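Numbered per my numbering, the sequence shown spans residues 1239 to 1606. Backbone N, C-alpha and C fix where the C-beta goes; we use that ideal spot for every residue, glycine too. If you're wondering where the values come from, they're calculated on a predicted model, not measured in any experiment. Working notes, beginning with the structure itself.
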Amino acid sequence: MKYPQANALVCRSTFNSLKDSCFADLQWAARRLKVWDLWAFTKSPLEATYLPTGQKILFRGLDDPHKITSIAVPVGVLCFGWIEECYQIDKESDFDMLDESLRGTLPEGLYWQWTLTFNPWNGKHWLKARFFDNPSEDIFAATTTYLMNEFIDDRSRAVYEQQKITNPRRYQVTGLGEWGVVEGHIYDMFSPANLYTEAPAKKGMRYIAIDYGTVNPMVLLDIWHINGLYYVAREYYFDSRKRGKRKTDGEYAADLKAFIGEMSGENYPVYLIIDPSAASFKLEIRRLGLRVKDADNAVLEGIRLVSNLLENKKLYIHTSCKNLIMEFGAYMWDIQAAERGKEQPIKANDHALDALRYFCKSIVRVWS
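Here it is, written out as structure tokens:
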């Protein structure tokens, strides 16, 4: 509003995540600033228009960065950008491509600016090396924490204070904004070399690895075994609630069957690998005529097997599997347990990783 020729681009890793995050945040801001009547927010297309001038705030997902490079605006220039959860951009080259979309001749008084917001899960991420380790006049880097957040209530603060006791490593990142500590990082061998974007030409054995719990009751990984290599092609987090309540085991089993039915047209057999503790859920699955194999839940052996596959470049993750990729960067050993002579991971950031571990421990040694 201060710069009549300026337009903005707001991005997240996937387009579907924008409406309930950045788009809603800016609606809240317009009300907070008492300028709601001056803005039009539309959901199709997803954008905000400043009515007095026609300036735009555009929203795009990074599902395909190539589609963003040719964005045009009807009034003025596109010069401001905001990327929320920027940590989910795995490759620096994707950011560079996005950065190139903000180019051209600027009217006097305007400037180019990207705002990148994220939790610093892993100190090995390219964001740290580029924007924090090599400061310049063009970069302003700041860390904010819940301690300086005027918009959260006492209950929310108490959650962080409890996390300080129960999960100090996570508290360092989400509470204090410190970069993920390399010490204690379990999958520090995970790198961009373990990512892929284009599906292999051939198909092979197909598996659905399932983690079933209370927070995210059903997390699925769609995994292919092709010529001795393993490809995590897709991830799915099923909604945990129905009409305000948690779904039943039977309802989740029906969701799973419908999901498998959607893939049946690809004419490849699907093998189910499941959390061995989900006894009642497995019963419901079998009642629907699906065959399921109990996973081997040897945690440490599973972690070492996943690590070995990553190091030897036998395991590849599709770049669309954002939750799994995030977990690789945030999964930590319990340092306090180690001080007591016990080797165990912190029980956090592990829903998709648990499903992957079930698969690797149960299947990889059988079929490799």
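Pick from Met1386, Pro1283 and Leu1521: whose alpha carbon is nearest that of Gly1415? Met1386
Assuming Leu1263 contacts Asp1449 (C-beta within less than 8 Å), just tell me the rounded distance between them. First, the amino acid is wrong: residue 1263 is Asp here, not Leu. Contact doesn't hold; Cβ gap of about 30 Å is too wide.
Is it the case that the Cβ atoms of Ala1568 and Asn1587 are separated by a distance below 8 Å? yes
Beta carbon of Gly1442 nearer than 8 Å to that of His1423: no
Taking 8 Å as the threshold (C-beta atoms), are Lys1531 and Tyr1509 in contact? yes
Could you please give the first and the last residue of the uninterrupted alpha helix (DSSP H) stretch that includes Gln1205? With the chain covering 1239 to 1606 only, the question about residue 1205 has no answer from this structure.
Assuming Gly1299 is part of the beta strand (DSSP E), what are its boundary residues? Gln1293 to Gly1299
Boundaries of the beta strand (DSSP E) in which Gly1442 is found, first to last residue: From DSSP, Gly1442 is part of no beta strand (DSSP E); its letter is neither H nor E.
Going by DSSP, what residue range makes up the beta strand (DSSP E) through Glu1636? No statement about residue 1636 is possible, as the shown extent of the chain runs from 1239 to 1606 and does not include it.
Please report the distance separating the alpha-carbon of Asp1572 from that of Pro1358. 19 Å
Can you give me the Cβ contacts of Asn1245 inside the same chain, cut-off strictly under 8 Å, excluding the 5 residues immediately before and after it? Gln1293, Lys1294, Ile1295, Leu1296, Val1311, Val1313, Gly1314, Val1315, Leu1316, Cys1317 and Phe1318
Determine the DSSP secondary structure at Trp1266, reduced to helix, strand or coil. helix
Is it true that the CB of Leu1340 sits closer than 8 Å to the CB of Gln1243? no
Any idea what DSSP makes of Ile1448, helix, strand or coil? strand
When you compare each of Trp1352, Asp1493 and Asn1465 to Tyr1474 by their alpha carbons, which one comes out closest? Asp1493
Which word fits Glu1322, buried or exposed, when buried means at least 16 other C-beta atoms lie within 10 angstroms of its C-beta? buried
Please classify Gln1582: does DSSP put it in a helix, a strand, or coil? coil
For Asn1637, the three-state DSSP class (helix, strand or coil): Residue 1637 lies beyond the range of the chain shown here (1239 to 1606); nothing can be said about it.
Which listed residue (Glu1285, Leu1336 and Glu1549) has its alpha carbon closest to that of Ile1306: Leu1336
N-terminal and C-terminal residue of the beta strand (DSSP E) that His1556 is part of: Leu1553 to His1556
By DSSP, does Leu1494 sit in helix, in strand, or in coil? helix
Tell me the residue span of the beta strand (DSSP E) that contains Lys1281. Trp1277 to Lys1281
Distance, Tyr1425 Cα to Glu1522 Cα: 34 Å
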